[in-house]
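**Student:** The structure follows.
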Amino acid sequence: MKEHRIIKLSTMWSTETLRADTERLVNEKVRDGYEIITVAFGVNMWWMPTSYITIKK
């Protein structure tokens with residue numbers, strides 16, 4: 051059975067920092083054998099830049 055997870059990253063400092071952190075996490079999960087389903091960027095209820103990464107193994 052496939053297991054899906056949604057990971058959320060947020061930052062108050064910089065969208066560039068969020069992009070780099072998201073890229074680092076995606077690469078780490080791929081090395082660990084996960085398949086990346088989606089990566090989406092938006093803001094949370096406090097208007098903090100946020101990324102959502104859906105993975106499955």
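Taking my numbering, I'd label the letters of the sequence shown as residues 51 to 107. Don't be surprised by glycine CBs; every beta carbon is placed ideally from N, CA and C.
Terminal residues of the continuous beta strand (DSSP E) containing K106?
**Tutor:** 99-106
**Student:** Near K52, which residues of its chain fall below 8 Å by C-beta distance, leaving aside the five closest residues on each side in sequence?
**Tutor:** K106, K107
**Student:** Which residues does DSSP pair with K52 in a beta bridge?
**Tutor:** The partner list for K52 (beta bridge, DSSP) is empty, contrary to what the question assumes.
**Student:** Applying the 10 Å Cβ sphere with the 16-neighbour rule, what's the burial state of I103?
**Tutor:** buried
**Student:** May I ask which residues mark the beginning and end of the alpha helix (DSSP H) holding T67?
**Tutor:** 65-81
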